[in-house]
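J.: Start counting the sequence shown at -3; every next residue gets the next number (the numbering used here).
Glycine residues also receive a C-beta, built at the ideal position from the N, C-alpha and C atoms.
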Amino acid sequence: MRDFSADHRWLSINTATVRRQRGQDWALLEIIDACAARGIRAISPWRDQVHAAGLAATVRAVRDHGLELSGYCRGGMFTYADNAGRQAVRDDNLRALDEACELAAACLVLVVGGLPGALAGRAAHKDIAAAREQVAEGVAVLLEEARRRGMPLAIEPLHPMYAAERACINTLEQALDLCDALDAGRTGALGVAVDVYHVWWDPKLPAQIVRAGSDRLLALHVCDWLTPTTDLLNDRGMMGDGVIDIRQIRSWVEAQGFAGYSEVEIFSTTNWWQRDGGEVLDTCIQRHRQCV
Ligand code: ZN
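This is how it looks when you write it as structure tokens:
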């Protein structure tokens, strides 16, 4: 297992971690400058941040600073209520894929979607099995295009509390079942993003990480689970402030050969988003050394 205590060579910052500091959007190009100034070598930006900064300008900034992208957030949201929705989902995912290629991301992260309409407050139906079928279809279609472009797809299972609104794939086992169904040859085109926040509780986690193996382990996202958690989406903790044994999970993925970045991804309305962005980045570096 790699020793992270002396440097932060393998720290990546998911840029949502510092997206909105003290009520002000922190522009992506400024985030990139602040990361580079601290010797951070990788980021994982969100599409809305890239669109606001401009794709070409983001590509330039990433290249000029010699940064890597540990992933691109995100594609997915494959479930739909009608044919127009189905086409819109496909078109949007193709755009996400092309942006990921322009940015030379390590993978396109997929948050697969829940019941159609639920995120907007009104689910079109209650058939989660049907939603999962649409997800399988959506990933299959996107996978063909992803293979053509050489851009790996990383399915991110989300904690079951998000099953209705955001993702009906909720365990690593489910995600790997889909990988096996669509990419039986383990070509490297399809894998998973392991986010400790979503999977730390799962008794099958160590066995499923072994099952994934290095060719399916495309990304590792870290933060912490606070007790109590006051918001289901935006109360993620800084590493070391909660109950997740992050180093244990990292040891499991590294035992399989994973040698990529640990990507810090913290959504925190009342704590970390209320602070100066530079302070948050400095804290990420420190906790990455101590707790990851
Ligand atoms: Zn994540």
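From Ala132 to Ala185, what does the alpha carbon distance come to, in whole angstroms?
T.: 15 angstroms
J.: Report, in whole angstroms, the separation of the C-beta atoms of Asn166 and Leu149, which I expect to be a contact under 8 angstroms.
T.: Wrong, their Cβ atoms sit about 18 angstroms apart, outside the cutoff.
J.: Does the region 269 to 279 touch the region 42 to 54, meaning 3 or more C-beta pairs lie closer than 8 angstroms?
T.: Cβ pair count under 8 angstroms is below three, so no.
J.: What's the gap between the Cα of Leu222 and the Cα of Gly62?
T.: 34 angstroms
J.: Less than 8 angstroms between the beta carbons of Leu93 and Gly117, yes or no?
T.: It is not a contact, given that the beta carbons lie outside the stated cut-off.
J.: Kindly provide the ranges of any alpha helix (DSSP H) runs that are 4 or more residues long and lie completely inside the region 182 to 228, ordered along the chain.
T.: 192 to 195, 201 to 212
J.: Tell me the rounded alpha-carbon separation between Arg212 and Pro41.
T.: 21 angstroms
J.: Does DSSP put Ser40 in a helix, a strand or coil?
T.: strand
J.: Given the structure, does Asp191 come close to the ligand ZN, in the sense that its CB is under 7 angstroms from one of the ligand's heavy atoms?
T.: yes
J.: Could you give the DSSP three-state label for Val260: helix, strand or coil?
T.: strand
J.: Using CA atoms only, rank isn't needed, just tell me which of Arg59, Cys287, Glu250, Met147 is closest to Arg(-2).
T.: By alpha-carbon distance to Arg(-2), the top candidate from Arg59, Cys287, Glu250, Met147 is Glu250.
J.: Given a cut-off of 8 angstroms on the beta-carbon distance, is the pair Cys219 and Val192 in contact?
T.: yes
J.: Are there 16 or more other CB atoms within 10 angstroms of the CB of Ser8, so buried, or fewer, so exposed?
T.: For Ser8, the number of other beta carbons within 10 angstroms of its own is at least 16, and it is reported as buried.
J.: So what does DSSP say about Asn79, is it helix, strand or coil?
T.: helix
J.: What does a CB cutoff of less than 7 angstroms around Phe254 pick up in its chain, not counting 5 residues either side in sequence?
T.: Ser210, Leu213, Leu216
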